[in-house]
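For the sequence shown, this note's numbering begins at 6 and goes up steadily by one.
Using N, Cα and C, we set each Cβ at its ideal position, and we do this for glycine too.
Read the structure below first, then the notes.
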Amino acid sequence: MEYADAVAVYRELDATDADLEKIETLAEALAAADDDELGPLVGTVRGKVFEPWVDADLGVSSSLTAEAIETATGVSAAEIESVWRESGDLGDAAAWAVDHATQQSLFSEPLTLRRVHDDLRELADYEGAGSQDRRVDEVAGLLSDADPEEARYLVRTALGHMRLGVGDGTTREAIAAAFLDGDEAAAAVERAHQVTNDLRLVARTARDEGRAGLDDLGVELFRPVQMMLAKKAEGLEDGVESVADDPASVRAEYKYDGARVQVHVDGDRVEVYTRRLETITEQFPDVVAAVREHVTAERCLLDGELVGYDDAGEPVPFQDFSRRIKRKYDVEELVEEIPVVLHLFDALSHEGESLFDRPLSSRLSHLEDAFTPADGAIERATGHRFEDLASMRSFYQSALEAGHEGVMLKNLEATYQPGNRVGYVMKAKPVMEPLDLVVTRAQWSEGRRSDYLGRLFLGCRDPDGGFAEVGRLSTGYTDEELAALTDRLTDHVVAEDGRMVDVDPAIVLEVEYEEIQASPEYGSGYALRFPRFLDVREDLAPADADGLERVERLYEKQ
Ligand code: AMP
6 MEYADAVAVY RELDATDADL EKIETLAEAL AAADDDELGP LVGTVRGKVF
56 EPWVDADLGV SSSLTAEAIE TATGVSAAEI ESVWRESGDL GDAAAWAVDH
106 ATQQSLFSEP LTLRRVHDDL RELADYEGAG SQDRRVDEVA GLLSDADPEE
156 ARYLVRTALG HMRLGVGDGT TREAIAAAFL DGDEAAAAVE RAHQVTNDLR
206 LVARTARDEG RAGLDDLGVE LFRPVQMMLA KKAEGLEDGV ESVADDPASV
256 RAEYKYDGAR VQVHVDGDRV EVYTRRLETI TEQFPDVVAA VREHVTAERC
306 LLDGELVGYD DAGEPVPFQD FSRRIKRKYD VEELVEEIPV VLHLFDALSH
356 EGESLFDRPL SSRLSHLEDA FTPADGAIER ATGHRFEDLA SMRSFYQSAL
406 EAGHEGVMLK NLEATYQPGN RVGYVMKAKP VMEPLDLVVT RAQWSEGRRS
456 DYLGRLFLGC RDPDGGFAEV GRLSTGYTDE ELAALTDRLT DHVVAEDGRM
506 VDVDPAIVLE VEYEEIQASP EYGSGYALRF PRFLDVREDL APADADGLER
556 VERLYEKQ
């Protein structure tokens, strides 16, 4: 495919905002593409020269591109910059410069899509001294052979600013329209995309092997798969009812607050991918080591959550943990500072066998066979099947008390549905609008936290100017937060009786919870279910706390 023909397609896509027109244009172009141009076309219309899981950087900045335009055309840097500034797009500046070139290349060869695509990919391999100069030369070489329109799109592609309004969805529809017939065509393309995560392969397979070929596509190691997602439940009961008709086929698991990861293993080779399918293997040498040591399967693909823990064994807030994901240098330092545990909850392939179409119960047996748990390094996600809702409720409470976010509810009969929020997985966590409540009484904890006032009774303002209790709080805070709260509360103690203390209403806390129940247990007539500490409202006085009327309103609304 001449590059000029690809550019004509880009221009047509650029010229319309209508999805259907985009799909039609792209479908026509895909159907007409030569054998080995299909992949580059599918990539470049979405502005990509690499497959999504390839962790490569072309190393092409705006200034490098401007230099390449100058080298190719002889137009001065000042002029290029002025056009660039005016339009805001270096692609436009490249087109203008090629049109006003003061020098011509002697041996101009027409560009092909393949050449542009492959040459750009090569830029990512340049390393070390002189690599930037080589990049400038390479891009300048391409621009010397380009006409103005080609230069415009070449630069946009190199900079990753293609912006044709063509996403994965449009591309899938176009592939279906180009190569398949029938109602289910788009769904078949979508499924193939979800398991392979490779639209180039999907397009090629649809063209060469049709529906049957697409249906045969399965997982391949080191090509991450889109992850199955959860829907939000309105509380535990709703979650159980939504996830399966029969409560006996529901598994509840802790919902960990960390990073979703997919771990691919083939012998000694281990790669860790995020939910966005980016590689984070280098940031987690400790995880790689744990996987090498404790995964007994030769080849497998496992799904789980990475969580950072503090010295006391409490999960660290996500903001702290995310430092580990971002840090690419001096990684060892952070490995010490924030140790992580890999909590595994699913297996998508095991010893070469794809498990997508198996029920969760079977995938879990494969997971069990694939590794030997090691405390504090690599563990199964804590979870069970429950005989009744009451025991599931106490499991939920124990998840919150252990500092986790809530629970996941999973249908044990369901297959793995990549990328979908289909309702075979539901999440239940305290989700109601937070309340600002005053601490009215407190209780000294037992055990590890016995120096702390770990259980706090909370009140809302009542119409008489006092405070009516609505529940008690014992989760959601770190040891530091609890120590600070204890310090402050001891200044306000008015009476003590055993482990119970009465305090002056002085401190306002922001609290989340799952539900408000009518309950005779507290003075307000209401009780918060599963309350969780969010923050101390330093900015609020007790008189600014939420009143009973708001609690009533929220109760009515739910
Ligand atoms: P959310 O991010 O609130 O939509 O919740 C879904 C996320 O919860 C998943 O993508 C996982 O990262 C995370 N998660 C934590 N624990 C589990 C678990 N036991 N099973 C599945 N997902 C979990």
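Handout entry: DSSP three-state assignment for L95, whether helix, strand or coil
Key = helix
Practice task
Mind listing, in chain order, the continuous alpha helix (DSSP H) runs of no fewer than 4 residues lying wholly within the segment 161-228?
Solution key: 173-184, 190-201 and 204-221
Problem - Same chain, Cβ closer than 6 Å to A11, five either side skipped, listed in chain order - result: L118
Exercise for the section: Report back the beta-carbon spacing between D551 and C465 to the nearest angstrom; my notes put them in contact at under 8 Å. Expected result: 5 Å
Problem - Beta-carbon spacing of G272, G165 below 7 Å - result: no
Problem - Within 7 Å, strictly: CB atoms of L69 and R157 - result: no
Handout entry: Proximity winner among L125, E178, G133 and L116, relative to D152 (alpha-carbon distances)
Key = L116
Practice task
Please name the residue in D509, R493 and D492 whose C-alpha comes closest to that of A500.
Solution key: D509
Handout entry: Own chain, CB closer than 8 Å to R177, minus 5 neighbours either side, in chain order
Key = A191, V194, E195, H198, L204 and V207
Practice task
Please state whether DSSP places H389 in a helix, a strand or coil.
Solution key: strand
Problem - For V275, three-class secondary structure by DSSP - result: strand
Problem - Cβ-based neighbour list, D395, same chain, cut-off 7 Å, excluding 5 preceding and 5 following - result: According to the sequence as given, residue 395 is Ala; it is not Asp. Result list for A395: empty, nothing under 7 Å.
Exercise for the section: Quick one: measure Cβ to Cβ for M6 and A36, integer angstroms, because I've assumed they're closer than 8 Å. Expected result: Rounded, the Cβ-Cβ distance is 12 Å, inconsistent with contact.
Problem - Check whether P525 and G476 have beta carbons under 7 Å apart - result: no
Practice task
Indicate the three-state DSSP secondary structure (helix, strand or coil) for T30 in the structure shown.
Solution key: helix
Practice task
State the DSSP-derived secondary structure class of M397, mapped to helix, strand or coil.
Solution key: helix
Exercise for the section: Following the continuous beta strand (DSSP E) through T420, name the residue where it begins and the one where it ends. Expected result: No beta strand (DSSP E) holds T420; DSSP gives it neither H nor E.
Practice task
Consult DSSP for S367 and reduce its assignment to one of helix, strand or coil.
Solution key: helix
Exercise for the section: From the DSSP output, in three-state form, read off Y531 for me. Expected result: strand
Problem - Start-to-end residues for the beta strand (DSSP E) that takes in T445 - result: L440 to W449
Exercise for the section: Could you tell me which residues DSSP puts in a beta bridge with A523? Expected result: Y531
Practice task
Kindly list the residues whose CB is nearer than 8 Å to the CB of T107, restricted to its own chain and excluding five residues on each side of it in sequence; keep chain order.
Solution key: T78, G79 and V80
Practice task
Take every Cβ of the segment 347-364, pair it with every Cβ of the segment 417-434, and state whether three or more of those distances are shorter than 8 Å.
Solution key: yes
Exercise for the section: Name the two residues that bound the continuous alpha helix (DSSP H) containing D10. Expected result: Y8 to D19
Problem - Burial state of Y482, where buried means 16 or more other Cβ atoms lie within 10 Å - result: buried
Problem - Span of the alpha helix (DSSP H), counted from its first residue to its last, around E341 - result: V336 to E342
Exercise for the section: Verify the contact flag: Y429, CB atom, against every heavy atom of the ligand AMP, threshold strictly below 6 Å. Expected result: no
Problem - Inter-stretch contact (C-beta, 8 Å, three-pair minimum) for the segment 248-264 and the segment 387-401 - result: yes
Practice task
Kindly examine the ligand AMP and report whether one of its heavy atoms sits closer than 6 Å to the Cβ of K236.
Solution key: no
Handout entry: Cβ distance (whole Å) where A238 is taken to contact L490 below 8 Å
Key = Actually they are not in contact, since the Cβ atoms of A238 and L490 sit about 30 Å apart, beyond 8 Å.
Problem - S359 (DSSP reduced to helix, strand or coil) - result: strand
Exercise for the section: State whether the segment 423-442 contacts the segment 218-237, with contact taken as three or more CB pairs (one from each stretch) at a distance under 8 Å. Expected result: yes
Exercise for the section: Whole angstroms is fine: what's the gap from A20's alpha carbon to G223's? Expected result: 36 Å
Handout entry: alpha helix (DSSP H) runs contained entirely in the segment 287-347, provided each spans 4 or more residues
Key = 290-299, 323-331 and 336-342
Problem - Distance, E451 Cα to D291 Cα - result: 34 Å
Practice task
Using only the heavy atoms of the ligand AMP, determine whether one of them is closer than 6 Å to the beta carbon of K432.
Solution key: yes
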